[in-house]
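Using our numbering, you'd call the opening residue of the sequence shown number 294 and step up by one each time.
Backbone N, C-alpha and C fix where the C-beta goes; we use that ideal spot for every residue, glycine too.
To start, the structure itself, in C-alpha cells.
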Amino acid sequence: MSKVGVLGGQINYPVLTHKLPGEEYAKAKAHMWIHMLNDGNKPKKWLKPNGKGTKVNFERIHTKEEYLNGLDELSLYLTQINREFGLDYKVKVPE
C-alpha cells in the first residue's frame, strides 16, 4: 500500500490582520513562523494581510536541511524587523 502525505498547502492566521500596528504584526508573524517550522511546515509565501487575517502558502519539511533552510529565512526576517522596530529577536539553531 502507498503512503499518502501532504506536500504543502495554505493556512490562514486570523490574528494577523491588516489592523494590527506594524510592530505587533511583525512580532506575531515571527511567532507564527516559528510554530510553522516546529510543526514541519516551511512558509513559501506570506500573502497580503486583510481583515480576515494573513494566508501563508507552505511546503512540508522532509529533511533537517530543509528545516535549517527555513530557520535561515526566519533569521533574515528577524534581522529586518529588529532593525525596523528596535527588537532583539534571535533564532537558536538546534545542534
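Spatial neighbours of residue i in its chain, beta-carbon cut-off 7 Å, leaving aside the 5 residues before and after
| i | result |
| --- | --- |
| residue 302 | 351 |
Buried or exposed by the 16-neighbour rule on C-beta atoms within 10 Å, applied to residue i
| i | result |
| --- | --- |
| residue 334 | buried |
| residue 248 | Residue 248 is absent from the model: the chain starts at 294 and stops at 388. |
| residue 330 | buried |
| residue 336 | buried |
| residue 371 | buried |
Whether residue i touches residue j by CB criterion (7 Å)
| i | j | result |
| --- | --- | --- |
| residue 323 | residue 382 | yes |
| residue 356 | residue 309 | no |
| residue 386 | residue 364 | yes |
Residue i - DSSP class collapsed to helix/strand/coil
| i | result |
| --- | --- |
| residue 382 | coil |
| residue 304 | strand |
| residue 333 | coil |
| residue 310 | coil |
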